[in-house]
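Following the numbering used here, the numbering of the sequence shown begins with 116 at its first residue and continues without gaps. Below is one structure, written out as structure tokens; comments come after it.
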Amino acid sequence: QVQLVESGGGLVQPGGSLRLSCATSGIRFGIHTMAWHRQAPGKQRELVATTTSGGSTNYTDSVKGRFTISRDNNKRTVYLQMNSLKPEDTGVYYCRATYYNSNYWGQGTQVTVSS
């Protein structure tokens with residue numbers, strides 16, 4: 116059974132930091148492209164960052180220089196370090212694993228940036 120379990124969300128003040136984790140099981144983690152998406156209230160889900168099996172990374176423009184995606188293949192876990200958080204970063208953050216026609220999602224973790 117495939118499971119992607121996100122953790123690390125919470126309430127943080129603007130300018131603060133959070134580190135999200137996504138622990139996986141049931142997939143060959145090392146061959147999957149891993150990604151973080153987010154969905155703000157009333158908006159469509161958007162891609163935030165990706166990391167390929169080879170370790171290449173990519174970010175949406177609004178988080179470049181503030182967020183860092185990383186993966187630990189031994190722990191089958193992907194991370195999202197979020198610094199200098201802004202209120203517009205608020206939303207539910209989802210982990211995703213893809214490999215050709217396989218596509219798996221986690222249940223999401225809430226991030227709220229507010230003073």
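No residue lacks a Cβ here, since even glycine has one placed at the ideal position from N, Cα and C.
The C-beta of R143 has fewer than 16 other C-beta atoms within 10 Å across all chains shown, which makes the residue exposed. For Q196 and G141, the gap between their C-alpha atoms comes out near 24 Å. Excluding sequence positions up to five before and after V127, its CB lies within less than 6 Å of the CB of L133, L200 and V228, all in the same chain and listed in chain order. Distance check between G123 and each of Y208, T166 and N173 places Y208 closest, using alpha-carbon atoms only. Along the segment 185-223, the beta strand (DSSP E) occurs as fully enclosed runs of 3 or more residues at 192-197, 206-214 and 217-220, listed in sequence order. With a contact defined as Cβ atoms closer than 8 Å, I184 and T166 qualify at about 5 Å. For V117, the secondary structure class from DSSP, reduced to helix, strand or coil, is coil. The residue from T139, Q159 and V117 with its alpha-carbon nearest to that of D187 is T139.
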